[in-house]
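Going left to right, the sequence shown walks through residues 2 to 324 as the working numbering numbers them. Worksheet: the structure to be examined is printed underneath.
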Amino acid sequence: MPTFLLPVTRRSLPFASSLLQYTSSLSPPTSPHIQFLISSTSRDLERSFRSQFPKLLSSHEHEAIPDYSDPKDLKEALGQCSGVILAANGCGDDVINLPSNPNDEWLQCEENVASLVSKDHRVVKLSWTDGFVKERSPSAIGRANWELEEELKRKFETEWAHNLTILRAPVGMDAFLRGRLYDLVCGRTLSMSVKRGRIAFVHPLDVAEALSAILVKDVGGEVTLTGPEALTFEEVAQILSNGINDKVNYSNFPLWAVQPARWVRGVPGDAIEEELAVIRALEAGIQQKVDTGDLKALLGRKPRSFREFVAENADAWPRTELV
């Protein structure tokens with residue numbers, strides 16, 4: 002039975018839980034197709050999984066869990082595993098909730114793991130920055146994901162299409178549950194500088210379920226997931242209004258006003274330049290392409306819609322007054 006190392010950060014805890022839940026549903030109750038070895042800096046995270054999915058965890062209850070910040074721990078853990086899952090980000094908001102932070106715990110975690118995997122490992126890498134995974138990407142996280150993917154491809158050489166799976170997705174719908182977008186929705190005014198640009202927002206549960214299917218079915222190569230439609234932020238505001246039964250206004254925040262507004266808040270100049278470049282790319286439609294073929298092939302159904310996401314989370318945005 003293959004065992005996958007699964008590094009889990011606090012940020013990726015909900016996503017990892019969904020991944021294990023779907024893997025459990027695809028496996029026989031007493032004999033799962035695969036197992037996971039949790040790597041974390043906190044024992045509490047591993048315990049939360051053990052109480053729900055004991056059959057899916059390869060380690061015993063009283064064993065020490067490998068710390069992904071410790072190279073010695075990681076090397077030993079990788080020696081026990083046939084594969085590794087790089088999904089420590091766990092949320093698709095890096096492109097939209099700016100400024101991004103290349104020093105985030107999840108990115109350091111994935112860099113540590115990627116440096117130690119061998120070409121004999123089966124690796125699945127999730128990049129939430131579809132369209133931005135380039136050497137000269139305007140997104141710092143997009144560039145970081147590109148560097149990670151290139152490092153992994155070099156390790157696998159000509160075998161990468163079989164032993165390495167790269168799963169790419171645009172902005173996740175869960176971006177509206179955290180950070181600046183969450184605050185704007187709670188303030189009932191979605192003030193965005195992307196005016197006409199459309200984004201094929203993807204449901205986080207679709208990503209988790211597809212990743213689980215990739216593991217169970219042993220799918221290699223590049224896989225792209227999107228939502229069923231590409232939406233403008235004005236359309237997003239309308240769907241939110243209908244879903245939470247409270248008007249969410251859309252407001253276009255002019256591009257020229259972004260720089261002074263960020264300066265006042267103390268945002269560094271390079272972070273402002275990144276935000277402006279990302280806004281221009283989104284306005285130009287870098288994440289507007291709808292491609293549901295891979296998801297249908299993996300799951301046998303259409304992707305979940307943004308309307309479904311809002312209905313599932315209708316109570317998540319209490320009205321607040323922005324200051």
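No residue lacks a Cβ here, since even glycine has one placed at the ideal position from N, Cα and C.
By the neighbour-count definition (other C-beta atoms within 10 Å, threshold 16), asparagine 90 is a buried residue. Unbroken alpha helix (DSSP H) stretches of 4 residues or longer found wholly inside the stretch 163-250: 180-187, 205-218, 234-245, given in chain order.
Residue environment for glutamate 150: buried (at least 16 other C-beta atoms within 10 angstroms of its C-beta).
The beta-carbon separation of valine 224 and threonine 166, rounded to 6 Å, stays under the 8 Å limit for a contact. Between the C-alpha atoms of valine 259 and isoleucine 273 there is a straight-line separation of about 8 Å. Cβ neighbours of leucine 206 within its own chain (closer than 7 Å, five residues either side excluded): Ser19, Arg305.
With distances taken between CA atoms, serine 192 lies nearest to Ile97 out of Ile142, Pro171, Ile97. A residue is called buried once 16 or more other Cβ atoms fall within 10 Å of its Cβ, and glutamine 81, having fewer, is exposed. Contact between the stretch 243-259 and the stretch 112-129 is absent: fewer than three C-beta pairs spanning the two stretches fall below 8 Å.
For glycine 84, the uninterrupted beta strand (DSSP E) run begins and ends at 84-87, by DSSP. For arginine 308, the enclosing alpha helix (DSSP H) begins and ends at 307-313. Cβ contact annotation for valine 203 (same chain, cutoff 8 Å, sequence separation greater than five): Gly93, Ala170, Pro171, Val172, Gly173, Met174, Leu226, Thr227, Gly228, Pro304, in chain order. Beyond the five residues adjoining it in sequence on each side, valine 186 comes within less than 7 Å, by CB distance, of Phe177, Leu241, Val249, Trp318 in the same chain, given in chain order. Note on valine 208: 16 or more other CB atoms within 10 angstroms of its CB, so buried under the neighbour-count rule. Contact between threonine 4 and leucine 27 is ruled out by a C-beta separation of about 16 Å, above the 8 Å threshold. Taking all protein chains shown into account, valine 265 has fewer than 16 neighbouring C-beta atoms within 10 Å of its C-beta and is therefore exposed.
Per DSSP, reduced to three states, the secondary structure at arginine 281 is helical. If the five residues before and after serine 59 are omitted, its C-beta is found closer than 6 Å to the C-beta atoms of Thr4, Gln36, Leu38, all from its own chain and listed in chain order. According to the DSSP assignment, isoleucine 39 belongs to no alpha helix (DSSP H) but to the beta strand (DSSP E) extending over 36-40. Non-local C-beta neighbours of serine 13 in its own chain, meaning closer than 7 Å and more than five positions away in sequence, comprise Ala88, Ala89, Asn90, Gly91, Trp107, ordered along the chain.
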